[in-house]
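S.K.: Here you go, one structure.
Residue numbers (the working numbering), protein chains in the order written: chain A, 173 to 789; chain B, 65 to 222.
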């Protein structure tokens, strides 16, 4: 690969690569995001390759292994170009038919199309599917157009053009002003103005300065950063190089979770290729600017997403945060000025440079600009990654994009902000997605996890889940977090065991406030949020556990009993076969029984019964 | 062992800052972090063993004891939790007679929980020897264990 030595060279190469793209050449774009790979997409790719080779079509029909398309619920999926036909939930044996009928015969295979659950109508094109219709896929949409392992693909769609523009202007401060004017705020959770962070790092005394990409996506239920790194790694790199130029840094790091092997692989490859082509390293595009990036893999500690803990981890130490009266922009990694931004934040940067701050600031609300990617998961019909303009309501996301709750059950809550966030009830679903509005509700934007819960989820159990998570992930350095979370969890244990007292709720509230006030870092500072928001919005559920000794959702083991509905039981013995303790018994074709003495409430019978005859009371 | 450790450290130009990735590679090589390997890392990197021990016990990814032949990782992220992961965890712990994070005495199985695998659409997810299994139920988990040679009752017709 030849080094690109100037902005003019880059432009020539982009044009040359773009000209090679034949818009009329048939191309099969297969989603190879993690969700689809887990669905078995690898076998589908192999079959496509083999069938194309058998028909000697490899040169005539393109096969593009793209990053995540977002609609994970419907994987494996392909988009057939140029018609943009969207096929979903594919099986390996569908492959020959797709090639023969759709690609060679121009015929649409009805059964592979998406069927609208409401209108029952078959939908041919991806953008017409309700899941995609309301989205605004500015950052994430490019995933479907490129192979993440190909720098040529990224260049062909104008990639690294924003970098060339910035280097040609030769005015770092103007870049910072542009990002500030766009109103970009940090996508990792806090929502700190990105331009201000860059400016502070640029003006700080000390050398070298560091630029870091935080890809330690630890929030359970959030996976958009992973999908960006896997699906479009060069957009993240381009953002970082631009940021480094603006700040005056020549050393970059990407701190990425080791649990994301494909992300590590793709970003490593992207860095190598960018370096070979002169987009990273010394004298980038002949501008005299030097910058290079090193990858550092995390060790699986949630707290390392926190800036000062992340620095400690990169320095090869245990990831313990420190007090923040000195900002990272002054003294961060190795005590040098450091600018740390999240993956999605970096990926927004080329977009702003290319299309201008004014355009970007036109999207969203007064203080939250642009789009945000959420992972819409849990009890929702359309699970997947969605990119929406700021200001959209939660209701639109859940009911129009997500198309509601499965199995006709009732919506109960949506949890945003991961373990630092809170649960929002139905009454507040018309609130807009906005950094400040969500904070007012007691939760936060967070990195973008959006977990939907229905009537079968117990809010006390969910609060306990997050506390348990944080108790394990607390680094143990400061007392309010280490001891406080543990004590709060003990109280919740008591409540879910049916041994709670009403005054426990007051204790939880004042302890929560004390932990928020007294903790050293944001992990402890926001740890009580799930408890405090569920107490605020779902207090009656806590009271049912304490006063009535009942778990209304049927989750908390100590407060429920399994029984058999004699009218529904057909005597099929399914429950007796799976019961691990012999509690479920009965003769064939006779109503079965559950021996409460032996029952360990494992739920096996409930899962096995096909007639809804197992009751939980 | 000394040479293997030296080779790994060489890849990182003996930079102490890469202690975490170095230990990850050491664990990949030996399946866990043997004491001798940690001592070797300490000597070669010139980092006190106490520091290495601190790091090795701080991060969730490291194990100081040998791991089993079969590796089961259950995702207990929020999306998997609300879809019933705790029940599956209880089930696997009961069948293997160990707690999450432990290895069976015969070194056949290691069972652990992970916070989020980032494939939430398929939850609950169980990774069996590197292979993702989506929408896992108690009965599916039992069948997977049975396939790996564990004696367990499944809902197949008797």
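No residue lacks a Cβ here, since even glycine has one placed at the ideal position from N, Cα and C.
#1: Considering only their Cβ atoms, is the gap separating residue 388 (chain A) from residue 477 (chain A) smaller than 8 Å?
#2: Can you round the beta-carbon distance between residue 668 (chain A) and residue 728 (chain A) to whole angstroms, since I take them to be within the 8 Å contact cut?
#3: Quick check: is the beta carbon of residue 404 (chain A) nearer than 8 Å to any beta carbon in chain B?
#4: Rounded to a whole number of angstroms, what is the C-alpha to C-alpha distance between residue 221 (chain B) and residue 287 (chain A)?
#5: Quick one: grab the DSSP three-state call for residue 260 (chain A).
#6: DSSP three-state call for residue 203 (chain A): helix, strand or coil?
#7: Whose C-alpha, out of B:67, B:91, B:129, is nearest the C-alpha of residue 107 (chain B)?
#8: From A:293, A:739, A:308, A:291, pick the residue whose C-alpha is nearest to that of residue 299 (chain A); which is it?
#9: Kindly indicate the opening and closing residues of the beta strand (DSSP E) around residue 387 (chain A).
#10: Please name the residues in the stretch 113–129 of chain B whose beta-carbon is closer than 8 Å to at least one beta-carbon of chain A, in chain order.
#11: Taking only beta carbons into account, state which residues of the stretch 177–200 of chain B come closer than 8 Å to chain A, listed in chain order.
#12: Can you have a look at residue 632 (chain A) and say buried or exposed, based on whether 16 or more other CB atoms are within 10 angstroms of its CB?
#13: From A:385, A:398, A:348, pick the residue whose C-alpha is nearest to that of residue 369 (chain A); which is it?
#14: Quick one: is residue 161 (chain B) near chain A, going by C-beta distance under 8 Å?
#15: Is it the case that the stretch 180–198 of chain B contacts the stretch 137–146 of chain B, given that we only count it when at least three CB pairs across the two stretches are under 8 Å?
#16: Residues of chain B with CB under 7 Å from residue 468 (chain A), in chain order?
#17: Would you tell me roughly how many angstroms separate the C-alpha atoms of residue 205 (chain A) and residue 313 (chain A), rounded to the nearest one?
#18: Quick check on DSSP: helix, strand or coil for residue 222 (chain B)?
#19: What I want to know is whether the C-beta of residue 411 (chain A) ends up closer than 7 Å to one or more non-hydrogen atoms of the ligand MN.
#20: Of all the CB atoms in chain A, is at least one closer than 8 Å to the CB of residue 222 (chain B)?
#21: Taking the straight line between their C-alpha atoms, what separation do you get for residue 121 (chain B) and residue 390 (chain A)?
#22: Compute the distance between the beta-carbons of residue 536 (chain A) and residue 361 (chain A), then report whether it is under 8 Å.
#23: Any C-beta of chain A sitting closer than 8 Å to the C-beta of residue 29 (chain B)?
#24: For a contact defined as C-beta to C-beta under 8 Å, what are the partners of residue 101 (chain B) on chain A?
#25: So residue 668 (chain A) contacts chain B; which residues on that side make the cut at Cβ distance below 8 Å?
#26: Note down, in chain order, every chain A residue with its Cβ under 9 Å from the Cβ of residue 158 (chain B).
#27: Judging by CA-CA distance, which residue of A:559, A:560, A:561, A:552 is the nearest neighbour of residue 571 (chain A)?
#28: With DSSP as the reference, identify every bridge partner of residue 536 (chain A), one or two as the case may be.
#29: Can you give me the Cβ contacts of residue 733 (chain A) inside the same chain, cut-off strictly under 7 Å, excluding the 5 residues immediately before and after it?
#30: Runs of 3 residues minimum, wholly inside the stretch 444–527 of chain A: which ones carry the beta strand (DSSP E) assignment?
#31: Who are the Cβ neighbours of residue 174 (chain B) in its own chain at under 6 Å, not counting the five residues just before and after it?
#32: With distance defined between alpha-carbon atoms, name the residue in A:483, A:575, A:630, A:317 nearest to residue 195 (chain A).
#33: Got a sec? Which residues, its chain only, sit under 6 Å from residue 208 (chain B) by beta carbon, not counting five neighbours each side?
#34: Could you name the residues of the same chain whose beta carbon sits closer than 7 Å to that of residue 740 (chain A), not counting the 5 residues immediately before and after it, in chain order?
#35: Run down chain A in chain order and give the residues with a C-beta less than 9 Å from the C-beta of residue 104 (chain B).
#36: Less than 8 Å between the beta carbons of residue 411 (chain A) and residue 338 (chain A), yes or no?
M.R.: Once the coordinates are examined:
#1: yes
#2: 4 Å
#3: no
#4: A caution first: residue 221 (chain B) carries a pLDDT of 47, below 50, which makes its placement in the model too unreliable to give a value.
#5: coil
#6: strand
#7: B:67
#8: A:308
#9: 382–387
#10: 115, 118, 119, 122, 123, 124, 125, 126
#11: 178, 179, 180, 181, 182, 183, 184, 185, 186, 187, 189, 196, 198
#12: buried
#13: A:348
#14: no
#15: yes
#16: 85
#17: 13 Å
#18: Interpretation of residue 222 (chain B) is limited by its pLDDT of 42, a score under 50 that renders its predicted location unreliable; no figure is taken from the coordinates.
#19: No copy of the ligand MN appears in this structure; indeed no ligand is present at all.
#20: At residue 222 (chain B), the pLDDT of 42 sits below 50, so the modelled position is not reliable; the number obtained from the coordinates is stated separately. Yes - at least one Cβ of chain A is within 8 Å of the one on residue 222 (chain B).
#21: 19 Å
#22: no
#23: An answer regarding residue 29 (chain B) cannot be provided, because it is not within the stretch 65 to 222 covered by chain B.
#24: The contacting residues do not exist; residue 101 (chain B) stays about 16 Å from chain A at best.
#25: By Cβ distance, chain B contributes nothing, its closest Cβ being about 12 Å from residue 668 (chain A), past 8 Å.
#26: 752, 772, 774
#27: A:552
#28: A:541
#29: 768, 789
#30: 464–469, 510–514
#31: 131, 132, 135, 167
#32: A:317
#33: 192
#34: 783, 784, 785
#35: Those do not exist, as residue 104 (chain B) stays about 16 Å from chain A at its closest Cβ, beyond 9 Å.
#36: no
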